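Here's the structure we're looking at; comments come further down.
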Amino acid sequence: MTRSWLGEPTVTALREGLRVVAPALADGVIVPRGLVPSEDPRWCAASAMVDERFVVKFAWSEEAAERVCYRARVLDALRGAAPAIPLPEVVAASESPAMVVLRRVPGRPFFQVRHQVDPAAAARDLAGVLAALHDPAVLRTVSALLGPLPKRTENVPPGRWWNRLRPWSEWADQVLTIPGRTALVHGDFHGDNHVWRSNRLRLVVDLETVGVGEPEYDLRCLPADCGVEMFLAVVSDYEALTATPVSLDRVMAWHLRTVVGDMAWRTEAGVPLPDGRAPDEWIDDLLSRFAALDISAT
Numbered sequence: 000m001t002r003s004w005l006g007e008p009t010v011t012a013l014r015e016g017l018r019v020v021a022p023a024l025a026d027g028v029i030v031p032r033g034l035v036p037s038e039d040p041r042w043c044a045a046s047a048m049v050d051e052r053f054v055v056k057f058a059w060s061e062e063a064a065e066r067v068c069y070r071a072r073v074l075d076a077l078r079g080a081a082p083a084i085p086l087p088e089v090v091a092a093s094e095s096p097a098m099v100v101l102r103r104v105p106g107r108p109f110f111q112v113r114h115q116v117d118p119a120a121a122a123r124d125l126a127g128v129l130a131a132l133h134d135p136a137v138l139r140t141v142s143a144l145l146g147p148l149p150k151r152t153e154n155v156p157p158g159r160w161w162n163r164l165r166p167w168s169e170w171a172d173q174v175l176t177i178p179g180r181t182a183l184v185h186g187d188f189h190g191d192n193h194v195w196r197s198n199r200l201r202l203v204v205d206l207e208t209v210g211v212g213e214p215e216y217d218l219r220c221l222p223a224d225c226g227v228e229m230f231l232a233v234v235s236d237y238e239a240l241t242a243t244p245v246s247l248d249r250v251m252a253w254h255l256r257t258v259v260g261d262m263a264w265r266t267e268a269g270v271p272l273p274d275g276r277a278p279d280e281w282i283d284d285l286l287s288r289f290a291a292l293d294i295s296a297t
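Quick note on numbering that gives the first Met the number 0: the sequence shown kicks off at 0 and runs consecutively.
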């Protein structure tokens with residue numbers, strides 16, 4: 000079937016799409032999120048809640064439609080390849096129009112509960128999910144089902160505060176010069192992409208970034224999201240589950256690139272940082288994490 004997508008970013012267009020993909024939901028109560036027109040086709044996608052029971056992912060450009068369809072294929076492949084990972088249930092999926100309907104799982108993102116969860120239990124949950132995803136057999140199975148997978152890397156655009164981090168950038172480049180191990184990675188495993196309920200991890204979401212990378216790449220957000228102490232507990236549990244060592248230097252090299260990249264695009268686009276602070280404050284926190292891990296750029 001030829002792929003298609005919605006003609007415009009409106010609730011009316013979404014209802015028309017639902018009449019094709021999931022007719023029973025077309026007349027439901029729709030609460031959209033991210034339904035903002037964009038001239039960049041990469042961002043012509045959004046989600047919506049329907050009747051508080053379903054989440055719909057949809058697009059209104061070819062490039063965004065490919066990501067929506069890729070998400071559906073990944074979910075289908077992972078459900079059999081890694082059943083231990085708590086994944087969204089696909090209620091309906093379509094290539095024309097590009098749309099995925101998921102059953103909603105009540106809960107809150109990690110950022111909202113990280114100061115409430117038991118650190119040891121949370122570390123075990125995070126380590127368990129990542130260990131299951133990074134199992135070499137999962138990469139082999141998913142690759143066989145989906146064909147060539149995208150490679151996940153992080154680039155760092157310079158910013159006006161870049162001189163503060165120049166030694167660390169050179170250090171990260173050196174650390175990552177030698178390729179690491181290969182695994183199937185989530186690609187965007189930050190605190191908004193895992194859902195928690197009753198202080199336990201219940202769902203891993205936003206699978207459109209799944210691809211080939213190294214295990215340390217998926218751990219790169221945790222030093223900031225969890226704090227250094229919980230991050231180290233995750234690493235310890237992960238190493239015990241996988242019987243493979245984690246390179247803290249590699250995690251922190253990816254962490255540096257991710258934090259700086261996030262600061263750069265937001266400041267250049269005039270978008271506030273998520274916590275409302277200034278880039279220099281983010282850099283202070285970043286350097287404090289290196290110090291807490293006793294990692295030096297020299």
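Cβ atoms here follow ideal geometry from the backbone N, Cα and C, with glycine treated the same way.
These figures come from a predicted structure and were not determined experimentally.
Check: 7 angstroms CB neighbourhood of Arg78 in its chain, flanking five on each side removed; Outcome: Leu86
Check: Helix, strand or coil at Ala83 [DSSP, three-state]; Outcome: coil
Check: Classification of Glu228 by the beta-carbon crowding that lies within 10 angstroms, buried from 16 upward; Outcome: exposed
Check: Integer Cβ distance of Gly16 from Asp50, believed to fall under 8 angstroms; Outcome: The Cβ separation is near 16 angstroms, so there is no contact.
Check: Touching by the beta-carbon criterion (3+ pairs, under 8 angstroms), the stretch 164 to 177 and the stretch 39 to 59; Outcome: no
Check: As assigned by DSSP and simplified to three states, the class of Ser235; Outcome: helix
Check: Straight-line gap, Arg123 to Ala232 (C-alpha atoms, nearest Å); Outcome: 8 angstroms
Check: When Ser37, Phe230, Pro82 are compared against Leu202, the one with the closest alpha-carbon; Outcome: Pro82
Check: C-alpha gap between Gly190 and Ala171, whole angstroms; Outcome: 23 angstroms
Check: With 16 other Cβ atoms within 10 Å as the buried cut-off, status of Ala263; Outcome: buried
Check: Check whether Val54 and Ser46 have beta carbons under 7 angstroms apart; Outcome: yes
Check: Counted within 10 angstroms of its Cβ, other Cβ atoms place Leu215 as buried (16 or more) or exposed; Outcome: The question names Leu, yet the displayed sequence has Glu at residue 215. Flag for Glu215 reads buried.
Check: Secondary structure of Glu94, DSSP reduced to three states; Outcome: strand
Check: Inter-residue spacing [alpha-carbon to alpha-carbon] between His133 and Gly269; Outcome: 36 angstroms
Check: C-alpha distance - Ile29 paired with Trp4, whole-angstrom precision; Outcome: 18 angstroms
Check: Under 7 angstroms between C-beta atoms of Arg288 and Pro244; Outcome: no
Check: Cβ shell of Tyr237 (< 7 angstroms), same chain only, five flanking positions each side left out; Outcome: Ala126, Leu129, Ala130, Val245
Check: Distance CB(Val116)-CB(Asn198) smaller than 7 angstroms; Outcome: yes
Check: Rounded straight-line distance, which links the Cα of Asp293 to that of Ala91; Outcome: 49 angstroms
Check: Buried versus exposed, by CB contacts within 10 Å (16 or more), His185; Outcome: buried
Check: Limits of the unbroken alpha helix (DSSP H) element including Ala263; Outcome: 247 to 268
Check: Beta-carbon separation (whole angstroms), Glu153 vs Trp253, contact threshold 8 angstroms; Outcome: 6 angstroms
Check: Reduced DSSP category for Pro108 - H, G, I as helix; E, B as strand; rest coil; Outcome: strand
Check: Same chain, Cβ closer than 6 angstroms to Asp217, neighbours up to 5 away in sequence not counted; Outcome: Leu129, Val184, His185, Phe188
Check: Residue interval of the beta strand (DSSP E) (run including Val55); Outcome: 53 to 58
Check: Residue burial classification, Ala120 (beta-carbon count within 10 angstroms, cutoff 16); Outcome: exposed
Check: Proximal residues to Leu247 (C-beta, below 8 angstroms), its chain only, five neighbours per side dropped; Outcome: Val234, Leu292, Ile294
Check: Whole-angstrom C-beta distance between Val209 and Gly106, which should lie under 8 angstroms; Outcome: Between Val209 and Gly106 the Cβ distance is about 21 angstroms, and since that is not below 8 angstroms, they are no contact.
Check: Arg139 - containing alpha helix (DSSP H), residue span; Outcome: 135 to 145
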